[in-house]
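Counting in the UniProt record's numbering, the sequence shown runs from 1 upward without gaps. The beta carbon of each residue, even a glycine, is placed where N, CA and C say it ideally should be. See below for the structure under consideration.
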Amino acid sequence: MTAAREWTLDGHAGRLAGRTWTGGSPSHVVLLAHGYGEHTGRYEHVAAALVDAGAVVTAVDHVGHGKSEGDRVVVADFERVVDDLHAVDEQARAQHPGLPVVLIGHSMGGLIAARYAQRHGGSLAAVVLSGPLVGEWGGAALLDLPEMPDTPLDSTTLSRDPEVGRAYEADPLVWHGPFQRPTIEAIARALLRVQDGPSLGALPLMWAHGEGDRLVPMAGSRSGVEHLRGEHYVEKIYPGAQHEIFNETNRDEVLADVVAFIRNALRR
């Protein structure tokens, strides 16, 4: 049975809130990076599948997200968010010495994970990018507008399962307001940093994406993934799936694919 423990940690702009899921005797650590406007609590079922496969899973609410401190969904510099994630990584390694660490990032968390892997890839065993915000992203066009549109993220773009959208709308820890200009500016800078940074070389990389993703379209992400991919690369594209593939109608298939990739990467 998966047990979750909540904790806090000092981040670059205040206290960070996170949680760790454990089961029996883990063989590896999985570090999770969530997406824009959401929080770690939306990954309970993901963590359960990973724990069942031998992981201890740890995740943090990024600055301004979920239960962490900071202005809501305001990220001034993603390099500092990578620093925060590194502190979480170091904490997990101290608690589970000697275990290999796998990094999974979804959406904006995929951008964070990609940059993390460029900076700290030598310490990782594998990386999984789910609907990652890398490469070319049309959302940066919002910066050309005089004001950010006063509209929240469209929850119908998350999954073909309507219950996912309903739960998202009802979640008080999810941000239901408009995009924040400083965050969009920081995303634009981070996208350029990733493109200017190195490939992941020998670090195993899995790219998983919904073919019907309207929030982070697959074609835009591909250019970023092609830049990152190295010697050991797995690609999984799910026909018809929307943005949150871990919450899609075929979520069991997606999670099984991720577990299989991690298992193979750890055998190397």
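For residue 47 and residue 97, the rounded distance between their alpha carbons: Between the C-alpha atoms of residue 97 and residue 47 there is a straight-line separation of about 20 Å.
Beta strand (DSSP E) segments (min. 3 residues) lying fully within the segment 71-123: Scanning the segment 71-123 for uninterrupted beta strand (DSSP E) segments of 3 residues or longer gives 101-106, listed from N- to C-terminal end.
Span separating the alpha-carbon of residue 87 from that of residue 14: Approximately 13 Å between the Cα atoms of the pair.
Stretch pair the segment 159-169 + the segment 243-255: three plus CB contacts closer than 8 Å: Yes, since at least three Cβ pairs between the segment 159-169 and the segment 243-255 fall closer than 8 Å, the two stretches touch.
Any beta strand (DSSP E) of 3 or more consecutive residues that is wholly inside the segment 194-222: If only complete runs of 3 or more residues are kept, the segment 194-222 shows the beta strand (DSSP E) at 205-210, in order along the chain.
Segments of 4+ residues assigned as alpha helix (DSSP H) that fall wholly inside the segment 21-64: For the segment 21-64, whole alpha helix (DSSP H) runs of length 4 or above, ordered along the chain, are 44-52.
Residues of its chain near residue 70, where Cβ-Cβ distance is below 6 Å and the 5 sequence neighbours each way are ignored: Counting only residues of its own chain and dropping the five nearest sequence neighbours on each side, residue 70 has a CB closer than 6 Å to the CB of 13, 14, 63 and 64.
Residue 84, buried or exposed, once every other Cβ within 10 Å from all chains shown has been counted against 16: Residue 84 is classed as buried because its beta carbon has at least 16 other beta carbons within 10 Å across all chains shown.
Buried versus exposed, by CB contacts within 10 Å (16 or more), residue 151: Of the other Cβ atoms in all chains shown, fewer than 16 fall within 10 Å of the Cβ of residue 151; this residue is therefore exposed.
Buried versus exposed, by CB contacts within 10 Å (16 or more), residue 33: Taking all protein chains shown into account, residue 33 has 16 or more neighbouring C-beta atoms within 10 Å of its C-beta and is therefore buried.
Residue 163: first and last residue of the uninterrupted alpha helix (DSSP H) it sits in: 162-170 is the span of the alpha helix (DSSP H), which, as asked, contains residue 163.
Beta-carbon proximity check, residue 35 vs residue 123, cutoff 7 Å: Cβ atoms of residue 35 and residue 123: not closer than 7 Å.
Boundaries (first-last residue) of the beta strand (DSSP E) holding residue 9: Boundaries of the beta strand (DSSP E) around residue 9: 3-11.
Any C-beta of chain C under 7 Å from that of residue 167: No chain C appears in the structure shown, which is made up of a single protein chain.
Beta-carbon contacts of residue 182 that lie in its chain and below 6 Å, excluding the five residues immediately before and after: Result list for residue 182: 74 and 76, in chain order.
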